[in-house]
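Taking it in order: structure first as structure tokens, then the write-up.
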DNA sequence: CAGATAAGTCAACATGACTGTCCTTAATTC
DNA sequence: GAATTAAGGACAGTCATGTTGACTTATCTG
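Residue numbers (the working numbering), protein chains in the order written: chain A, 3 to 178; chain B, 3 to 178.
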């Protein structure tokens with residue numbers, strides 16, 4: 003899956019996407035609103051690409067989020083997944099039951115703590131997640147490519163700044 | 003509302019938030035996943051701040067989005083709002099009826115096209131939107147301040163790159 | 001005038017979140 | 001070893017927000 007989008011990469015080297023740069027007074031209301039709006043439209047644009055695949059499977063975005071995090075951290079516990087998603091046990095239960103019934107996700111009893119149920123993708127679950135990821139990747143790789151490497155660093159920095167400091171370790175752990 | 007967060011602004015000048023910079027191979031899967039995750043957590047972190055205010059009013063995020071765009075573009079038509087939100091007329095109708103019944107939003111017949119209903123906030127609607135905006139602003143201003151001006155430009159560039167080119171004019175028009 | 005467009009309305013339905021409660025099993029603590 | 005705590009599952013009801021489809025009214029445009 004470590005596939006370079008060569009077209010986007012080429013474009014990155016050649017012509018970074020022009021956007022109006024932030025002004026020295028980049029905390030003015032208009033610039034705040036610009037960030038709010040771009041975050042809203044960017045986020046919804048990115049995830050919209052996977053919706054068609056999900057719908058064909060009779061799954062929704064909630065299922066996608068679970069598949070994504072289980073793929074990212076195989077063997078994570080139900081409690082850890084609840085914490086990442088920020089939803090209740092009961093909300094996650096239905097999603098996890100759906101995924102289990104479709105044999106996309108498997109549970110094993112924890113080794114160190116046998117109360118835990120550790121989650122992994124089955125082969126077909128991994129295949130579906132890969133297809134969904136490819137959709138997100140297409141969108142993100144194009145954006146990275148158009149904006150350029152330096153912009154990506156700024157993109158990450160602002161987004162991490164939006165996360166309350168108390169929650170940052172969890173996000174960083176995911177990416178360790 | 004053009005309030006500078008002086009603490010954040012000072013911090014911006016002094017010590018931009020350190021994040022692992024994007025590598026030259028910034029299209030590798032890990033870096034794509036990092037973007038996906040930060041976008042998810044950043045977006046949800048930002049909007050979560052307004053939820054308490056909304057809940058106290060008996061309103062939800064759908065109401066907030068309508069209030070936001072009506073505040074941003076006073077006098078926009080119902081059709082324009084549908085297009086911005088990407089939802090159906092029937093979905094918006096319920097939200098707009100709620101906001102009208104609470105006298106937060108008013109409708110006027112269009113001047114150039116009398117079929118249109120042009121939306122504006124009432125005084126109390128504007129007051130509520132301002133409170134909600136202040137919450138988002140707090141979060142965004144802190145992130146801008148921590149990351150620094152240059153990072154903000156990159157943040158905008160990547161997000162605009164995520165938006166399909168066909169949809170970009172609409173986003174830019176909002177910010178004209 | 002005929003057809004297209006903007007908007008409103010009613011109905012039925014799906015999804016994904018919530019709360020609350022009860023239960024089982026396993027780990028921890030006294 | 002007994003009591004408490006923690007992880008998870010199950011069941012029930014509710015709410016917010018989206019969807020389709022069908023129909024109406026007013027207005028604009030060719």
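Beta carbons are placed, not taken as given, at the ideal position from N, Cα and C, and that holds for glycine. Keep in mind the model is a prediction, meaning the values are calculated, not measured.
So residue i contacts chain A; which residues on that side make the cut at Cβ distance below 7 Å?
i	result
residue 149/B	156, 159, 160 and 163
residue 109/B	Near residue 109/B there are no residues of chain A at all, since even the closest Cβ is about 23 Å away, more than 7 Å.
residue 152/B	156
Determine the chain A residues that contact residue i at a beta-carbon separation under 9 Å, and present them in chain order.
i	result
residue 177/B	22, 32, 35, 36, 39 and 40
residue 88/B	46 and 50
residue 74/B	35 and 39
Who are the neighbours of residue i on chain B, taking C-beta pairs under 7 Å?
i	result
residue 166/A	47
Would you please state the rounded distance, in angstroms, between the beta carbons of residue i and residue j? I believe it to be under 8 Å.
i	j	result
residue 122/A	residue 110/A	7 Å
residue 141/B	residue 87/A	Actually they are not in contact, since the Cβ atoms of residue 141/B and residue 87/A sit about 20 Å apart, beyond 8 Å.
residue 69/B	residue 127/B	6 Å
residue 71/B	residue 61/B	Not confirmed; about 15 Å, so no contact.
residue 31/A	residue 24/A	Actually they do not touch by this definition, with Cβ atoms about 14 Å apart.
Just checking: is the beta-carbon of residue i within a distance shorter than 8 Å of some beta-carbon in chain B?
i	result
residue 116/A	no
residue 138/A	yes
residue 93/A	no
residue 143/A	yes
residue 12/A	Since pLDDT at residue 12/A reaches only 39, below the 50 mark, its modelled position is unreliable, and no value is offered.
residue 16/A	For residue 16/A, the predicted model reports a pLDDT of 49, less than 50, meaning its position is unreliable; a value from the coordinates is still stated below. Not closer than 8 Å to any Cβ of chain B, the Cβ of residue 16/A fails to qualify, so no.
In chain A, which residues lie with their C-beta within 8 Å of the C-beta of residue i?
i	result
residue 173/B	39, 40 and 43
residue 169/B	43 and 47
Which residues in chain B sit within 8 Å of residue i, going by Cβ to Cβ distance?
i	result
residue 53/A	Neighbours of residue 53/A on chain B: none; closest Cβ ~11 Å, over 8 Å.
Going straight from the alpha carbon of residue i to that of residue j, what length do you get?
i	j	result
residue 138/B	residue 59/B	17 Å
residue 38/A	residue 22/A	16 Å
residue 154/A	residue 112/B	43 Å
residue 105/A	residue 132/A	16 Å
residue 4/B	residue 149/B	Note that residue 4/B scores 33 on pLDDT, short of 50, meaning its location in the model is unreliable; the coordinates nonetheless yield the value given after this. Cα to Cα, the separation comes out at about 20 Å.
residue 130/A	residue 56/A	9 Å
residue 171/B	residue 63/A	27 Å
residue 89/A	residue 114/B	47 Å
residue 76/B	residue 43/B	30 Å
residue 136/B	residue 143/B	10 Å
residue 41/A	residue 35/A	10 Å
residue 54/A	residue 145/A	21 Å
residue 1/B	residue 177/B	As displayed, chain B neither begins before 3 nor continues past 178, which places residue 1/B out of reach and without an answer.
residue 151/B	residue 91/B	39 Å
residue 167/A	residue 46/B	14 Å
residue 174/B	residue 174/A	32 Å
residue 93/B	residue 73/A	34 Å
residue 102/B	residue 67/A	35 Å
residue 181/B	residue 65/B	In the structure as shown, chain B begins at 3 and stops at 178. Residue 181/B is therefore absent and cannot be evaluated.
residue 108/B	residue 169/A	39 Å
residue 134/B	residue 81/B	24 Å
Quick check: is any heavy atom of the ligand GTP less than 7 Å from the C-beta of residue i?
i	result
residue 88/B	With respect to the ligand GTP, the structure offers nothing, as it holds no ligand at all.
Any contact between the segment 44–55 of chain A and the segment 106–121 of chain A? By contact I mean 3 or more CB pairs, one from each, below 8 Å. no
Pairs of beta-carbons, one from the segment 92–106 of chain A and one from the segment 159–174 of chain A, closer than 8 Å: are there three or more? no
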